[in-house]
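Okay, so here's the structure we're looking at.
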Amino acid sequence: DYPYKSIYMDYEQSVPTCDTDLLHEKMTKNSYDVAHVGGFQFVAMGADYEPLMALAMVKNGPLSLAFNANGMEYYAHGIIGCETIAGEDYCEAGSIDDHSPCDPESLDHAVLAVGIGVQEGVQEDTDSAADSTQYWVIKNSWGEDWGEDGYYRLERGVNKCGVANMVVHSVVKDA
């Protein structure tokens, strides 16, 4: 109960830039409550819910989720899991799939899903339709020097690494 009743969001311009010793006092004087986090709601609890996750993200903003991060330290760039759709020759170097599979039932890391995308495939035969890979844009907590400026792309639609096994969003109320 404590975090949900005690967390308020504020306009960026109401937070003063000043000596850190005075920051708390000035923030209290200058703050304007914008919204109140009133709790959370489960969005997904299994592989079939990825389309619902995308809708919830559009409606409510970033989603908090748990997934299996096994091998994630090897990630540099590219879409994790794209080999299953586009083939190994197409996928970018740096995928964790080469180093370590991630068990979707063993959730061990929390992240934010902040967006979705589609990467079109490259076909040598121009008469064929290009393959494409749908992905989640995930914000990690390991800093900007990791991955793609602190973010990574995870294949969407196949519950890769258990991405849809435990997903929630904040319930935000007007202040």
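In full-length UniProt numbering, the protein residues as written are 1 to 175. Just so you know, even glycine gets a beta-carbon here, dropped at the ideal spot from N, CA and C. If you're wondering where the values come from, they're calculated on a predicted model, not measured in any experiment.
In angstroms with no decimal places, state the Cα-to-Cα distance between ALA72 and GLY157.
Residue 72 is actually Met in this sequence, not Ala. One C-alpha to the other measures close to 19 Å.
Quick check on TYR135: does DSSP put it in helix, strand or coil?
The answer is strand: DSSP assigns TYR135 an E or B state.
If you run the structure through DSSP and keep just helix, strand and coil, what is ASP174?
ASP174 sits in a strand when the DSSP states are folded into three classes.
Using CA atoms only, rank isn't needed, just tell me which of GLY162, VAL171, HIS109 and SER170 is closest to GLU50.
Of GLY162, VAL171, HIS109 and SER170, the smallest CA-CA separation from GLU50 is found for GLY162.
Pull the bridge partners of SER64 from the DSSP assignment, please.
Residue pairing of SER64 in beta bridges, as defined by DSSP: LEU112 and VAL168.
Counting C-beta neighbours from all protein chains within 10 Å, is the total for MET69 16 or more, i.e. buried, or is it exposed?
What sits at residue 69 in the sequence shown is Ala, not Met. Residue burial annotation: ALA69 is buried, with at least 16 other C-beta atoms found within 10 angstroms of its C-beta.
By alpha-carbon positions, which one of VAL37, GLY39, ARG153 and MET53 ends up nearest to ASN165?
If you compare the alpha carbons of VAL37, GLY39, ARG153 and MET53 with that of ASN165, the shortest gap goes to MET53.
Strictly by DSSP, which residues pair up with GLY39?
Answer is VAL171, bridged to GLY39.
Please state the DSSP three-state secondary structure of LEU107.
Coil.
Would you decide whether TYR74 is buried or exposed? Buried here means 16 or more other CB atoms lie within 10 Å of its CB.
Per the 10 Å Cβ criterion, exposed.
Taking C-alpha atoms, which residue in GLY78, GLY115 and ALA35 lies nearest to VAL137?
Of GLY78, GLY115 and ALA35, the residue nearest in Cα terms is GLY115.
Using CA atoms only, rank isn't needed, just tell me which of TYR135, GLY117, GLY38 and ALA66 is closest to GLU155.
For the set TYR135, GLY117, GLY38 and ALA66, the Cα lying nearest the Cα of GLU155 is the one of TYR135.
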